[in-house]
Structure formats: C-alpha cells, structure tokens
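Every letter in the sequence shown is one number past the one before it in this note's numbering, and letter 22, counting from 1, is 747. Don't be surprised by glycine CBs; every beta carbon is placed ideally from N, CA and C. Bear in mind the structure is a predicted one, so any value in this text is a computation, not a measurement. All remarks here apply to the structure that follows.
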Amino acid sequence: MAKSLLAEKDDILADLGYERRDLQGALKLPLRSDAVEYLETHRFK
Numbered sequence: 726m727a728k729s730l731l732a733e734k735d736d737i738l739a740d741l742g743y744e745r746r747d748l749q750g751a752l753k754l755p756l757r758s759d760a761v762e763y764l765e766t767h768r769f770k
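Right, here's the structure in full:
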C-alpha cells in the first residue's frame, strides 16, 4: 500500500490524510511491526 501511495503527488497524499515522510517511515519498519497501525497513528485529519 505505502509503495503505491508514494507514486502519488503530495497534494493527493494530503487529501488522503498522509504525508510522504510517514509513508517512507512505514516502509522502514521491521517486518514484525504493523505498518497500517503506524500510518493510522501518524495520519493527520
């Protein structure tokens, strides 16, 4: 999910409530970590 979102422009990501740096952070998490949970806690509304 995060890799496909990174292909979008920053304004599209903002409309979805994400920042590029948060998506990049999710990709760097260890495999045992829950990337979706990470994104939800870092998502702005």
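*Taking C-alpha atoms, which residue in 766, 756, 733, 763 lies nearest to residue 745?*
Each of 766, 756, 733, 763 was checked against the Cα of residue 745, and the nearest Cα belongs to 733.
*If I'm right that residue 769 touches residue 742 with Cβ under 8 Å, what's the distance once you round it to whole angstroms?*
Between the beta-carbon of residue 769 and that of residue 742 there is about 6 Å, and that keeps the pair under the 8 Å contact cut.
_Local conformation of residue 729 per DSSP, three classes_ = Residue 729 carries a helical assignment under DSSP once its states are collapsed to helix, strand and coil.
_By the DSSP assignment, the alpha helix (DSSP H) with residue 759 in it spans what residues?_
Unbroken run through residue 759: none, as it is neither H nor E.
*Among the residues of its own chain, which have a CB less than 8 Å from the CB of residue 728, if the five just before and after it don't count?*
Excluding sequence neighbours, residue 728 sits near 752.
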